[in-house]
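*Asks:* First, the structure itself, so that you have it in front of you.
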Amino acid sequence: MRALRRLAELDRSERALLARAVLWVLGARLGLTLVPYPRLQRLLDGASLRPRRPAPVAAERVRWAVTAAARRVPGTRCLAWALAFRGLLGQAGIPSDLRIGVAKADDGGLKAHAWVDCEGRSFSWGDDVSGYAVLRSQIAGEP
């Protein structure tokens, strides 16, 4: 009930941003399950480059919307979050760079993480990215 009350308190542009974030998170989450990653990346890049005329939005608000949506989609992890975040940024005309990296885990193994760099800072859902070595970096629209 509290979530519905908070949703009702949002203004129209915030509700629209949140609705788009839900669609992006669902698309990224399902796509990671059903489609090979390179093909999914091309599909999402194409969708983010389609002309949209949303109200101007800051990267921090996009982060809020994607995080709120991702918390409510079961099984969402950092890669789906990063793909959705980057897609919404692309629709808003904000350039970004998706990064995938690895770091040494406490148990001696490896752990992986995905995040997005934009506007001179790293946006992550979860881990601090400073300890990760970047394996893959992809700017929107690049193969």
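The C-terminal residue of the sequence shown carries number 132 in the working numbering, and the numbering is unbroken. Note that the Cβ used here is the ideal one computed from N, Cα and C, for glycine as well.
Rounded to a whole number of angstroms, what is the C-alpha to C-alpha distance between residue 19 and residue 11?
*Replies:* One C-alpha to the other measures close to 12 Å.
*Asks:* Between the Cα of residue 110 and those of 102, 100, 87, spot the shortest distance and give me the residue it belongs to.
*Replies:* 87
*Asks:* Terminal residues of the continuous alpha helix (DSSP H) containing residue 70?
*Replies:* Following the DSSP letters along the chain, one finds residue 70 inside the alpha helix (DSSP H) bounded by residues 67 to 80.
*Asks:* Mark residue 52 as exposed unless 16 or more other C-beta atoms lie within 10 angstroms of its C-beta, in which case mark it buried.
*Replies:* buried
*Asks:* Could you give the distance in angstroms between the alpha-carbon of residue 28 and the alpha-carbon of residue 21?
*Replies:* Each residue's alpha carbon lies about 10 Å from the other.
*Asks:* Span of the alpha helix (DSSP H) holding residue 37?
*Replies:* 26 to 38
*Asks:* Could you have a look at residue 64 and say whether DSSP puts it in helix, strand or coil?
*Replies:* coil
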